[in-house]
Ligand SMILES: NC(=O)c1ccc[n+]([C@@H]2O[C@H](COP(=O)([O-])OP(=O)(O)OC[C@H]3O[C@@H](n4cnc5c(N)ncnc54)[C@H](OP(=O)(O)O)[C@@H]3O)[C@@H](O)[C@H]2O)c1
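Numbering (this note's numbering), first residue to last: 859 to 1133.
What follows is the structure, encoded as structure tokens:
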């Protein structure tokens, strides 16, 4: 299988989807740079995947992101993809006494959404430069969730909202880059279903038993995510969300409405916007 990218940075690759995707990329010939907080997991990845590079990163340390991005892109001018994948999921019970820890809410929002905006702002100039000055295709791939489209996991209201925020951000980002003349910077959003990873582990969600067994087997998900990346769709779901993004599906309709609506607003704003 031809490599999808020349060199990919995977944010959050110490377990689950990020680790398995990095491993698949490596097997297919993409050079990978893996990140996460757990040094020992990064070292284990590098030991198993010769030539891969690891660097620790805590995405909630927002002040460190600009420096991280500057160093990575300076050291790796051939970086042509980033997979923004780090994420946590925590339950919040507004119906129970002491069921809501706002520190957890803040951590989830920062990890799953705010850090992605900071990473985008810090890394995007590199990808814009590659596409404009060096005529290369580049990709920013956002790992979202079907819960960002339909918040059916009611026990995790903060999590669902972070993914909905991410989806809204990604739609406007993609449109800005299209309008701004960057068609070769691809903005891709992936909507996984529940997948068997550490996301639902009892260590993170103590009220769950065998949470790691929830969802689609990881290898099957990675196969299907890679198929979607190869198809080149700008957004795609795997599993139960797939029909939502096809003809007649509610998200497909929403995208059509978005495309029409944003054009109308742009037109209406013309006489109010300077320059
Ligand atoms: N599994 C599912 O059911 C499912 C469904 C839909 C979407 N997703 C999304 O898929 C993505 C990957 O999750 P997963 O299921 O693979 O879970 P996972 O096995 O728990 O992996 C999460 C990854 O995110 C990293 N991470 C978390 N907090 C971080 C931080 N502060 N700084 C840097 N890295 C951080 C973790 O690394 P460290 O702990 O080493 O920092 C780990 O590599 C997430 O965005 C998740 O929302 C998962």
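Even for Gly, the Cβ is constructed at its ideal location relative to N, Cα and C.
Got a sec, what are the start and stop residues for the beta strand (DSSP E) residue i sits in?
i, result
"residue 1049", "1043-1049"
"residue 942", "939-942"
"residue 912", "911-914"
Considering only the beta carbon of each residue, do residue i and residue j sit closer than 8 Å?
i, j, result
"residue 943", "residue 1028", "no"
"residue 1004", "residue 1099", "yes"
"residue 922", "residue 899", "no"
"residue 963", "residue 957", "no"
"residue 1062", "residue 946", "yes"
"residue 862", "residue 1082", "no"
"residue 948", "residue 916", "no"
"residue 913", "residue 893", "yes"
"residue 966", "residue 1016", "yes"
"residue 1041", "residue 1022", "no"
"residue 918", "residue 968", "yes"
"residue 1095", "residue 1049", "yes"
"residue 1120", "residue 1033", "yes"
Suppose the cutoff is 6 Å on Cβ atoms and the five residues either side in sequence are ignored; what does the same chain contact list for residue i look like?
i, result
"residue 998", "940 and 1045"
"residue 889", "865"
"residue 1047", "1000, 1002, 1028 and 1093"
"residue 970", "945 and 1020"
Where do the N-terminal and C-terminal ends of the alpha helix (DSSP H) with residue i fall, by residue?
i, result
"residue 1014", "Neither: residue 1014 is in no alpha helix (DSSP H) and is coded neither H nor E."
"residue 978", "973-991"
Does residue i come out as helix, strand or coil in the three-state DSSP assignment?
i, result
"residue 879", "helix"
"residue 1119", "helix"
"residue 1001", "strand"
"residue 1093", "strand"
"residue 920", "helix"
"residue 1083", "helix"
"residue 1072", "coil"
"residue 888", "coil"
Identify, in the order they occur along the chain, each residue of the same chain with its Cβ nearer than 8 Å to the Cβ of residue i, setting aside the five sequence neighbours on each side.
i, result
"residue 982", "998 and 1043"
"residue 910", "880, 884, 889, 890, 891, 892, 903 and 904"
Given 8 Å, three or more beta-carbon pairs between the segment 871-891 and the segment 1068-1080: yes
Stretch pair the segment 930-938 + the segment 971-988: three plus CB contacts closer than 8 Å: yes
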